[in-house]
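Taking it in order: structure first as structure tokens, then the write-up.
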Amino acid sequence: MKTWLKWVLSILTLCIFLFIAAFFPLQQHQDTTHELTPTFSEIELDFTHQFTKGTFPFLGGAVIDVNNDGNFEILIGGGEGQDDVLFAYNNEFTRLSDLGISDLSATYGIISLDVDQDSDVDLLIARHNGLFFYFNENGKFTKQEISLNLEANSVVFSAAPGDINGDGWVDLYVSTFVNPENFKSATYNDPEHGKENILLLNNGDNTFTDITKTSGAAMDTNTFLSVFLDLNDDGWQDLIVSPNTDTVRIFKNNKDNTFTEQARPTGYGFWMGLGIGDIDQDGDQDFFFSNAANLAPDFLFQGDLKDEQQFDGDWALLRNDGNFKFTNINEEQGLTDMEFAWGAMVEDFNLDGYPELVVAENYIKWFAHHARKFPGRLFVNDAGNFIPVTQQAKVSNYHFGMGQLLVDLNQDGYMDFIQLNMDGPARAFVNDGGSAEYEVITIPDNVESLGKTFTRNGVSKVFVPGEGFMTDSAPQMIFREE
Numbered sequence: 432m433k434t435w436l437k438w439v440l441s442i443l444t445l446c447i448f449l450f451i452a453a454f455f456p457l458q459q460h461q462d463t464t465h466e467l468t469p470t471f472s473e474i475e476l477d478f479t480h481q482f483t484k485g486t487f488p489f490l491g492g493a494v495i496d497v498n499n500d501g502n503f504e505i506l507i508g509g510g511e512g513q514d515d516v517l518f519a520y521n522n523e524f525t526r527l528s529d530l531g532i533s534d535l536s537a538t539y540g541i542i543s544l545d546v547d548q549d550s551d552v553d554l555l556i557a558r559h560n561g562l563f564f565y566f567n568e569n570g571k572f573t574k575q576e577i578s579l580n581l582e583a584n585s586v587v588f589s590a591a592p593g594d595i596n597g598d599g600w601v602d603l604y605v606s607t608f609v610n611p612e613n614f615k616s617a618t619y620n621d622p623e624h625g626k627e628n629i630l631l632l633n634n635g636d637n638t639f640t641d642i643t644k645t646s647g648a649a650m651d652t653n654t655f656l657s658v659f660l661d662l663n664d665d666g667w668q669d670l671i672v673s674p675n676t677d678t679v680r681i682f683k684n685n686k687d688n689t690f691t692e693q694a695r696p697t698g699y700g701f702w703m704g705l706g707i708g709d710i711d712q713d714g715d716q717d718f719f720f721s722n723a724a725n726l727a728p729d730f731l732f733q734g735d736l737k738d739e740q741q742f743d744g745d746w747a748l749l750r751n752d753g754n755f756k757f758t759n760i761n762e763e764q765g766l767t768d769m770e771f772a773w774g775a776m777v778e779d780f781n782l783d784g785y786p787e788l789v790v791a792e793n794y795i796k797w798f799a800h801h802a803r804k805f806p807g808r809l810f811v812n813d814a815g816n817f818i819p820v821t822q823q824a825k826v827s828n829y830h831f832g833m834g835q836l837l838v839d840l841n842q843d844g845y846m847d848f849i850q851l852n853m854d855g856p857a858r859a860f861v862n863d864g865g866s867a868e869y870e871v872i873t874i875p876d877n878v879e880s881l882g883k884t885f886t887r888n889g890v891s892k893v894f895v896p897g898e899g900f901m902t903d904s905a906p907q908m909i910f911r912e913e
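Start counting the sequence shown at 432; every next residue gets the next number (the working numbering).
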């Protein structure tokens, strides 16, 4: 077939697909109902994120106890030229004064953590113009920029807090991304396009040494987020990375400020959100990674992939088999051919011991999603099997969803969540609860707690700030009491 004819047929196929996607988008896996489904009531927050061209549409969020009174506040990042906003909750949301946090540069990833060991919870904020500490001194914040050797034409999306050498000071793995002006979709192998992530070792005073080149964890790949988590129970925090156009990466901590990459558990995809939880009650943490999924035909996503690089467009649900081995069980769980998704969280909303999965959907730069949006997803976990129950749970979100913040807002022992949107209002979904007896553990939001495991009645949870998508949920664990 002549080259010009191939191009004509390709363009025609694309036009037909886009027409169908724009006007007849349907979820391939329809909702059902289930007796275990948790239900929620909505409260709309007085905040709508503003996306400005020249920046990325993302926004960070964090749950923080600003003044150590035992009550959590909600921080939501603004777009370029828009202030961040801080809310208190007491049966309703109330805006608080700025407290020295806001900046008119677009806000991306946010972490709340006591980094200076004074018992006040500080903030680590990635913005379009850099990475910053906000040190909390009796409820007021002082800004300090973190020096970075950023590559040209790059921005910081998020920073994973960890303590890779066990010295009690926070170390940072900084996820970077090519800036909007130079971004090209489906670009896997252009060395100028992928930007190098940065590993910072704390000098013991919240200044840092860049050990990226010697660490074994260097990556020239645009990355949304990363987390530190001990995967082999040796007491040393390993590294998990969710990159945009690459494979999911996992690095073992060698206990000497270096890492060794392990077998790659996925193919090449658009890995974005990362949810962590023990989905099968076997005592270790499993991973969920969101992806572009069925946004468009695979050939549109393959870009400059080489023949030996396998494209992987579906969501990934990685069962942890131990010793850095993972099995993708998305097919057996019915999670293939799903929708384009961003942030995700794994949490036991109904207190039956098996965590549910909540996923944010829709792409603000995809015109079909402006014509018709998906509602996002909530899957109830029935003894290790995920069942889609979004409508029954009453958590549909017909906006450009981004990430979730987990927090027990009304202190009833059932976890609630706040849905952050790239457009549209932020929305709180308050769990309608149940009759289960429960135990709530409030974790000290400090470096010593990073990666700590809590187990009750055979259910294990790990404190991992920064999971989800540029968000940091409340330092709370809720367990059912037998």
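We put the CB at the ideal spot given by N, CA and C, even for glycine. Please read these numbers as outputs of a predicted model, since none were measured by experiment.
Please classify I442: does DSSP put it in a helix, a strand, or coil? For the purposes of this step, residue 442 is identified with residue 11 of the sequence shown, where counting begins at 1. Reduced to three states, the DSSP call for I442 is helix.
Any idea which residues DSSP pairs Y604 with across the strands? As a position in the sequence shown, residue 604 is number 173, starting the count at 1. Beta-bridge annotation (DSSP): Y604 is paired with A591 and L630.
Pairwise C-alpha distance: T525 and A905: Here residue 905 refers to the residue found at position 474 of the sequence shown. Here residue 525 refers to the residue found at position 94 of the sequence shown. Those two C-alpha atoms are separated by around 18 Å.
Spatial neighbours of N816 within its chain, please: C-beta separation below 8 Å, excluding the five flanking residues on both sides. Working through the sequence shown from its first residue, we reach residue 816 at position 385. Correct list, in chain order: Q764.
Who are the Cβ neighbours of A519 in its own chain at under 6 Å, not counting the five residues just before and after it? The residue given as residue 519 occupies position 88 in the sequence shown. Within the same chain, Cβ atoms closer than 6 Å to the Cβ of A519 are found at E504, T525 and L527, the five residues on either side in sequence being excluded.
Pull up the distance between the alpha-carbon of W600 and that of L544, whole angstroms please. As a working note, residue 600 is residue 169 in the sequence shown. As a working note, residue 544 is residue 113 in the sequence shown. Each residue's Cα considered, the two are about 11 Å apart.
Tell me which same chain residues have a C-beta within less than 6 Å of the C-beta of A775, skipping the five on either side of it? Against the sequence shown, residue 775 aligns to sequence position 344. Leaving aside the five residues that flank A775 on each side, the residues in its chain whose CB is nearer than 6 Å to its CB run, in chain order, G704, G706, F719, S721 and V790.
In terms of alpha-carbon separation, which member of G882, P875, D514 and F489 lies closest to D534? Looking up residue 534 in the sequence shown gives position 103. Of the candidates G882, P875, D514 and F489, the residue whose Cα lies closest to the Cα of D534 is D514.
Considering just the uninterrupted stretch of the beta strand (DSSP E) at K683, what are its terminal residues? Here residue 683 refers to the residue found at position 252 of the sequence shown. Note, K683: beta strand (DSSP E), R680 to N684.
Cα-Cα, which of F482, S472 and N567 is closest to M920? Residue coverage of the chain in this structure runs from 432 to 913, which leaves residue 920 outside it and unanswerable.
Just to confirm my understanding: we take L766, look at its own chain, exclude 5 residues before and 5 after, and list those with CB closer than 6 Å. What are they? Taking the sequence shown and counting its residues from 1, the one referred to as residue 766 is at position 335. Cβ neighbours of L766 beyond the five flanking positions: W746 and L748.
Report the residue from N628, N852 and P896 whose alpha carbon sits nearest the alpha carbon of S585. Working through the sequence shown from its first residue, we reach residue 585 at position 154. Among N628, N852 and P896, the Cα nearest to that of S585 belongs to N628.
Does the separation of the CB atoms of L670 and A694 fall below 8 Å? Stepping through the sequence shown from its first residue, residue 670 is reached at position 239. Stepping through the sequence shown from its first residue, residue 694 is reached at position 263. Going by beta carbons, L670 and A694 fall outside the 8 Å limit.
So, for K574: in the same chain, excluding its five sequence neighbours on each side, which residues have a beta-carbon less than 6 Å away from its beta-carbon? Start at 1 with the first residue of the sequence shown, and residue 574 comes out as number 143. Closer than 6 Å at the Cβ level, and outside the excluded window around K574, lie F563 and Y565.
Check whether the region 856-874 touches the region 732-742, taking contact to mean three or more Cβ pairs, one atom from each stretch, closer than 8 Å. Touching, no, given that fewer than three Cβ pairs across the two stretches are closer than 8 Å.
Using only the alpha-carbon positions, how far apart do T758 and D661 sit? Within the sequence shown, numbered from 1, the residue matching residue 758 stands at position 327. Within the sequence shown, numbered from 1, the residue matching residue 661 stands at position 230. Going by the C-alpha atoms only, they are around 18 Å apart.
Segments assigned beta strand (DSSP E), at least 3 residues, entirely inside the region 634-718: Taking only runs of at least 3 residues, the beta strand (DSSP E) segments lying wholly in the region 634-718 are 639-641, 654-660, 669-674, 680-684, 690-692 and 705-708.
Please return the same chain residues whose Cβ sits closer than 7 Å to the Cβ of T463, not counting the five positions on each side in sequence. The residue you call residue 463 lines up with position 32 of the sequence shown. So the qualifying residues of the chain are I818, P819 and V820.
Please classify D553 as buried or exposed, where buried requires at least 16 other C-beta atoms within 10 Å of its C-beta. Locating residue 553 in the sequence shown gives position 122, counting from the first residue. Looking at its Cβ environment, which holds 16 or more other Cβ atoms inside 10 Å, D553 is buried.
With a threshold of 6 Å on Cβ separation, who are the neighbours of E898 within its own chain once the five nearest residues in sequence on each side are excluded? Start at 1 with the first residue of the sequence shown, and residue 898 comes out as number 467. Here the set comprises V658, L705 and I707.
Since A493 is in the beta strand (DSSP E), which residue starts that stretch and which ends it? To locate residue 493, count along the sequence shown from 1; it is residue 62. From DSSP, the beta strand (DSSP E) with A493 extends over G492 to I495.
Alpha carbons only, please: which of G864, F860, S550 and Y619 is nearest the one belonging to N569? Taking the first residue of the sequence shown as 1, we reach residue 569 at position 138. Here the closest residue by C-alpha is S550.
What's the call for K683, buried or exposed, on a 16-neighbour Cβ count within 10 Å? Walking along the sequence shown from the start, residue 683 turns up at place 252. Within 10 angstroms of the beta-carbon of K683 lie 16 or more other beta-carbons, which makes it buried.
T886, buried or exposed, once every other Cβ within 10 Å from all chains shown has been counted against 16: Translated into the one-based positions of the sequence shown, residue 886 becomes position 455. T886 should be labelled exposed.
Spatially closest choice to D651 from Q668, N637, D665 and T678, by CA coordinates: Mapped onto the sequence shown, residue 651 falls at position 220. Checking every option, the nearest Cα to that of D651 belongs to T678.
Which class does P786 belong to by DSSP, given the choice of helix, strand or coil? One-based indexing of the sequence shown puts residue 786 at position 355. Three-state result, P786: coil.
Determine whether the beta carbon atoms of E778 and L809 lie at a separation below 8 Å. Your numbering for residue 778 matches position 347 in the sequence shown. Your numbering for residue 809 matches position 378 in the sequence shown. No, they are not a contact pair.
Do T479 and I511 count as a contact pair if the criterion is CB distance below 8 Å? Here residue 511 is taken as the residue at index 80 of the sequence shown, counted from 1. Here residue 479 is taken as the residue at index 48 of the sequence shown, counted from 1. The question names Ile, yet the displayed sequence has Glu at residue 511. Not closer than 8 Å, so no.
Taking only the alpha-carbon atoms, compute the straight-line gap between L881 and Q907 and give it to the nearest angstrom. For the purposes of this step, residue 881 is identified with residue 450 of the sequence shown, where counting begins at 1. For the purposes of this step, residue 907 is identified with residue 476 of the sequence shown, where counting begins at 1. Their Cα atoms are separated by approximately 13 Å.
Taking the C-alpha atoms as reference points, what is the distance between V878 and A772? Here residue 878 corresponds to residue number 447 of the sequence shown, with the count starting at 1. Here residue 772 corresponds to residue number 341 of the sequence shown, with the count starting at 1. One Cα belongs to V878, the other to A772, and the distance between them is close to 30 Å.
Any idea what DSSP makes of L726, helix, strand or coil? Here residue 726 refers to the residue found at position 295 of the sequence shown. Helix, per DSSP.
What separation, rounded to the nearest whole angstrom, lies between the Cα atoms of A537 and F848? Position 106 of the sequence shown, counted from the first residue, corresponds to residue 537. Position 417 of the sequence shown, counted from the first residue, corresponds to residue 848. About 23 Å.
Is I629 close to chain C? Criterion is C-beta to C-beta, closer than 8 Å. Reference to chain C is not applicable here, since this structure consists of a single protein chain.
Do you know how far the Cα of Y785 is from the Cα of D709? For the purposes of this step, residue 709 is taken as residue 278 along the sequence shown, with counting starting at 1. For the purposes of this step, residue 785 is taken as residue 354 along the sequence shown, with counting starting at 1. Rounded to the nearest angstrom, the two C-alpha atoms are 8 Å apart.
Would A591 and Y604 qualify as a contact pair, given that the criterion is a beta-carbon distance under 8 Å? Within the sequence shown, numbered from 1, the residue matching residue 591 stands at position 160. Within the sequence shown, numbered from 1, the residue matching residue 604 stands at position 173. Result yes, Cβ atoms of A591 and Y604 sit closer than 8 Å.
Along the alpha helix (DSSP H) that carries F563, what are the first and last residues, could you check? As a first step, residue 563 must be located in the sequence shown, where it is residue number 132. Looking at the DSSP string, F563 is not in any alpha helix (DSSP H); the run it does join, the beta strand (DSSP E), is G561 to E568.
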